[in-house]
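The structure appears right after this line, and notes come after that.
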Amino acid sequence: MEEIKKLIIVPWDFSHVAEHALAHAVKISRMDICLLHIVDTGVSPKAYAEKTNRLKRLIEENGNKYNVPITYHVSKGSIFSAIAEYANEKEASLVVMGTHGMKGMQKLMGSWALKVIVKSKIPFIVVQDPPSDQERYHNIVFPVDFRGENKSKIKMAIFMGKYFESKIHMLVSVSTDKNILKKTKINLNYAIKYLIQNNIEYEIHDMPKGNIAEQTIEFAQKINADLILIVTTKNITFADYILGASEQQIIANSSRIPVCCVNPLASFANVGQFMGGWGS
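With this note's numbering applied, the sequence shown covers 218 to 497.
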């Protein structure tokens with residue numbers, strides 16, 4: 218079997234939320250971790266050298282602290298493209314990124330996170346707080362609706378279920394529209410098929426009527442979920458960034474639960490090996 222290339226990228230801006238993301242990356246795996254720092258294309262040689270020296274000290278300190286291999290990389294460009302470009306180029310397994318909540322100007326920060334994520338083929342886990350412990354992700358919330366993109370998300374659910382031995386809580390959107398209900402049931406049956414084939418524990422819960430993002434967050438809080446797994450919309454518009462797409466609301470949720478974001482057709486590194494009966 219081909220050896221899996223294991224790399225977690227942590228976007229690094231020297232902030233507390235970046236430190237939280239690093240702590241989550243260590244919790245997720247003892248695989249290689251790379252701190253990725255983005256600088257402006259016009260950065261001076263002196264400022265570039267100062268950033269590099271700070272990163273060298275950080276990886277040494279944190280490598281000793283966590284006892285994991287940590288490297289760093291500095292890319293020039295915009296955070297909206299450079300993070301995704303580097304993650305895609307390195308075929309990373311995962312990006313773990315810190316973000317702020319949704320109060321005041323921080324709402325804009327939430328939209329920044331979404332703008333970064335939608336550029337990447339690699340799944341993102343977005344966190345706001347440090348991990349409460351170093352235990353595995355026990356309970357993962359998996360919203361199921363009528364969108365075809367849901368099928369991309371099941372790959373990540375299988376990986377998470379296998380990797381962490383987690384229980385997947387499928388939260389099913391209920392609708393009075395027969396066509397939407399039919400599509401939702403197809404997605405649910407599709408997910409159940411592969412969860413069963415991969416021996417992953419799951420439960421099915423009906424989602425109360427109302428705002429899907431709010432209902433997802435409330436349910437995740439109710440069961441004390443460790444992670445919410447979502448798939449991002451194919452076409453995020455400018456209005457979504459300003460007004461707040463449902464993904465943005467979940468990413469920066471007030472309960473501060475980590476969120477795993479999978480883009481449609483995301484290429485999660487070698488996840489296929491975990492997919493019992495995949496494609497049949």
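C-beta atoms are modelled at their ideal positions from N, C-alpha and C, and glycine is treated no differently.
Contacts around residue i, its chain only, beta-carbon distance under 6 Å, and the 5 residues preceding and following it disregarded
i, result
"K384", "N356, E418"
"I255", "S292, I296, A299"
"L444", "Y354, I357, P475, C477"
"N470", "I434"
"I371", "A408, Y411"
Beta-ladder partner(s) of residue i, from DSSP
i, result
"G315", "V344"
"L446", "C477"
"D172", "Past the edges of the chain, shown from 218 to 497, lies residue 172, and the structure says nothing about it."
"I226", "C251, V312"
"F359", "M387"
Distance between residue j and residue i (C-alpha atoms, nearest Å)
i, j, result
"G427", "L388", "13 Å"
"Y289", "C251", "5 Å"
"S246", "D257", "31 Å"
"T401", "K395", "10 Å"
"W329", "I225", "20 Å"
"G327", "S232", "Confidence in G327 is poor, its pLDDT being 48 and thus under 50, which makes the residue's placement unreliable; the coordinate value appears in the next sentence. So the two alpha carbons sit approximately 15 Å from each other."
"Q466", "V260", "33 Å"
"H317", "Y303", "22 Å"
"K263", "N270", "11 Å"
"N480", "I339", "8 Å"
"D457", "I334", "Only weak support is given to the placement of D457: the predicted model assigns it a pLDDT of 43, under 50, and the value that follows is read from those uncertain coordinates. Going from the Cα of D457 to the Cα of I334 covers about 14 Å."
"Y407", "P425", "22 Å"
"L275", "V227", "13 Å"
"T433", "S463", "10 Å"
"E382", "S369", "20 Å"
"Y284", "A240", "Sequence inspection shows Asn at residue 284; the Tyr mentioned does not correspond to that position. Rounded to the nearest angstrom, the two C-alpha atoms are 12 Å apart."
"S310", "D230", "21 Å"
"K337", "L398", "In the sequence under discussion, the amino acid at residue 337 is Ser, which differs from the Lys named in the question. Answer to the nearest angstrom: the Cα atoms are 30 Å apart."
"H386", "G294", "39 Å"
"K332", "H422", "30 Å"
"A301", "F341", "10 Å"
"I375", "A242", "19 Å"
"E352", "N441", "14 Å"
"K439", "E420", "14 Å"
"L272", "E236", "13 Å"
"K244", "G365", "31 Å"
"N416", "V448", "23 Å"
"M248", "P286", "7 Å"
"K502", "L253", "Here the chain has residues from 218 to 497 only, and residue 502 is not among them."
Same chain, Cβ closer than 7 Å to residue i, neighbours up to 5 away in sequence not counted
i, result
"K437", "Checking the sequence shown, residue 437 turns out to be Ala, not Lys. Closer than 7 Å at Cβ, skipping near neighbours: V358, I445, S472, I474."
"E278", "none"
"V234", "G315, T316, H317, Q345"
"A238", "V227, V313, M314, G315, V344"
"V361", "N367, M387, L388, V389, S390, T401, N404, L405, A408"
"A430", "S463, Q466, I467"
Any C-beta of chain C under 8 Å from that of residue i
i, result
"E382", "The question asks about chain C, but that chain is absent: this structure has only one protein chain."
Neighbourhood of residue i by C-beta distance below 8 Å, restricted to the same chain and skipping five residues each side
i, result
"S392", "F363, L398, T401"
"Y265", "V256, V291"
Subject >> Unbroken stretches of the beta strand (DSSP E), 3 residues or longer, contained in the region 231-294 >> reply: Segments of the beta strand (DSSP E) lying fully in the region 231-294: 249-256, 287-293.
Original post:
Can we say the region 402-414 touches the region 336-354, given the rule of at least three CB pairs closer than 8 Å?
Top reply: The region 402-414 is not in contact with the region 336-354.
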